[in-house]
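Asker: Read left to right, the sequence shown gives residues 188 to 437 (this note's numbering).
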Amino acid sequence: NGAVWGAFSNSGQTCIAVERAYVEAGVYDEFVDKVVTKTRAIRQGSPQDDMGSMTFPPQVDLVERHLADAVDKGAKILTGGRRRTDLGEMWFEPTVLVDVDHTMAIMREETFGPVLPIVKVPDEAEALRLANDSPYGLNSSVWTTSDDRGRRVAGQLESGNVCVNDCLISYGVSGLPFGGAKESGVGRTHGIEGLTDMCRVKSVVEDRFGLKRELQWYPVPPGAYPVLKRATKLLYRRGALNKVRALFKG
Numbered sequence: 188n189g190a191v192w193g194a195f196s197n198s199g200q201t202c203i204a205v206e207r208a209y210v211e212a213g214v215y216d217e218f219v220d221k222v223v224t225k226t227r228a229i230r231q232g233s234p235q236d237d238m239g240s241m242t243f244p245p246q247v248d249l250v251e252r253h254l255a256d257a258v259d260k261g262a263k264i265l266t267g268g269r270r271r272t273d274l275g276e277m278w279f280e281p282t283v284l285v286d287v288d289h290t291m292a293i294m295r296e297e298t299f300g301p302v303l304p305i306v307k308v309p310d311e312a313e314a315l316r317l318a319n320d321s322p323y324g325l326n327s328s329v330w331t332t333s334d335d336r337g338r339r340v341a342g343q344l345e346s347g348n349v350c351v352n353d354c355l356i357s358y359g360v361s362g363l364p365f366g367g368a369k370e371s372g373v374g375r376t377h378g379i380e381g382l383t384d385m386c387r388v389k390s391v392v393e394d395r396f397g398l399k400r401e402l403q404w405y406p407v408p409p410g411a412y413p414v415l416k417r418a419t420k421l422l423y424r425r426g427a428l429n430k431v432r433a434l435f436k437g
């Protein structure tokens with residue numbers, strides 16, 4: 188349910204949409220079957236239906252190019268894959284495809300459309316390796332029955348935001364910073380970090396002692412270096428005895 192909603196909400200036109208799914212081999216077949224069944228049940232057409240149209244004509248063209256590239260390189264479309272010209276040129280079917288790999292543009296670039304590529308992986312380590320094999324890192328999600336495992340995997344994902352057993356909600360949590368890693372995002376919004384990201388930091392240093400002259404200023408007086416050396420040891424050596432030695436022995 189989460190993968191389908193995360194991939195096709197707003198017709199996939201969401202910056203934190205589920206654009207790639209890596210599924211362990213033990214549950215892969217069942218996962219794919221359920222995703223395809225639920226995807227085929229998505230309704231389009233009426234404003235009250237599940238999924239609307241896309242909004243930007245060049246983006247629809249990009250979706251078609253990514254799908255064509257994937258199919259040419261061996262991917263298989265299990266459902267969808269076409270425009271709904273009966274509804275209009277901006278309507279595109281929710282699409283699920285398998286047998287995809289990272290040689291395909293759909294796995295390397297942002298498609299920003301109603302497309303869900305699913306990759307079978309042997310284990311968690313390979314899923315992490317592939318998920319992190321991207322120049323982008325805005326958002327990711329982990330789905331597991333183990334909270335500990337979810338947190339562990341979340342800590343290894345190279346993205347600015349991670350959801351465990353949910354998706355598309357990161358931006359809605361106003362108390363947490365939202366932003367990306369790698370080539371994704373433009374700083375941070377929300378949370379304390381979002382506030383400080385909008386600030387310009389300035390440092391101001393004031394003279395505490397009102398000295399007319401400091402030892403390091405030109406011309407450097409004779410004996411200045413030994414005095415500074417003793418003062419440094421006096422300030423930073425640990426223990427009273429060591430500080431006394433610094434004061435009298437240097």
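Note that beta-carbon positions come from the ideal geometry of N, C-alpha and C, so glycine has one too.
So what's Y405 in DSSP terms, helix, strand or just coil?
Answerer: It is coil, neither helix nor strand.
Asker: What residue range is occupied by the uninterrupted beta strand (DSSP E) comprising E211?
Answerer: Note, E211: beta strand (DSSP E), A208 to E211.
Asker: If we count the other Cβ atoms within 10 Å of its Cβ and call it buried at 16 or more, is N429 buried or exposed?
Answerer: Exposed, because fewer than 16 other Cβ atoms sit within 10 Å of the Cβ of N429.
Asker: I believe G372 touches G366 by the beta-carbon criterion, under 8 Å. Please report the beta-carbon distance rounded to the nearest angstrom.
Answerer: That pair is a contact at about 4 Å.
Asker: I need the straight-line Cα distance from R269 to T383, nearest angstrom please.
Answerer: C-alpha separation (whole angstroms): 45 Å.
Asker: Between the Cα of G193 and the Cα atoms of F435, C354, C350 and C202, which residue gives the shortest distance?
Answerer: Of F435, C354, C350 and C202, the residue nearest in Cα terms is C354.
Asker: Per DSSP, what are the beta-bridge partners of C202 in this structure?
Answerer: Bridge partners of C202: none, in fact.
Asker: Does the separation of the CB atoms of Q231 and R295 fall below 8 Å?
Answerer: Contact flag unset, no.
Asker: Residues in its own chain within less than 8 Å of D256 by CB, not counting five upstream and five downstream?
Answerer: Here the set comprises M291, A292 and I293.
Asker: What did DSSP end up calling V360 once you bin it into helix, strand or coil?
Answerer: Coil, per DSSP.
Asker: Only counting the same chain, and skipping five residues up and downstream in sequence, which positions put a Cβ closer than 6 Å to that of T376?
Answerer: Cβ within range, chain order: F365.
Asker: Return the Cβ separation of V214 and L303 in integer angstroms, given the expectation that the two are a contact with Cβ distance under 8 Å.
Answerer: Contact doesn't hold; Cβ gap of about 16 Å is too wide.
Asker: One question on the structure: do F299 and Q200 come within less than 8 Å of each other, judged by their Cβ atoms?
Answerer: Result yes, Cβ atoms of F299 and Q200 sit closer than 8 Å.
Asker: I'd like to check one pair, K263 with D288: are the Cβ atoms closer than 8 Å?
Answerer: Not closer than 8 Å, so no.
Asker: How long is the line joining the alpha carbons of R417 and K436, rounded to whole angstroms?
Answerer: Roughly 8 Å separates the two Cα atoms.
Asker: Determine, using beta carbons only, whether P309 and P281 come nearer to each other than 8 Å.
Answerer: No, these two residues do not count as a Cβ contact at 8 Å.
Asker: Return the Cβ separation of V340 and R207 in integer angstroms, given the expectation that the two are a contact with Cβ distance under 8 Å.
Answerer: Going by Cβ atoms, the distance from V340 to R207 rounds to 15 Å, so no, they are not a contact pair.
Asker: Please report the distance separating the alpha-carbon of Y358 from that of V258.
Answerer: Approximately 33 Å, taken between the alpha carbons.
Asker: Specify, as a first and last residue, the run of the beta strand (DSSP E) that I379 falls within.
Answerer: Premise fails: I379 lies in the alpha helix (DSSP H), G378 to D384, not in any beta strand (DSSP E).
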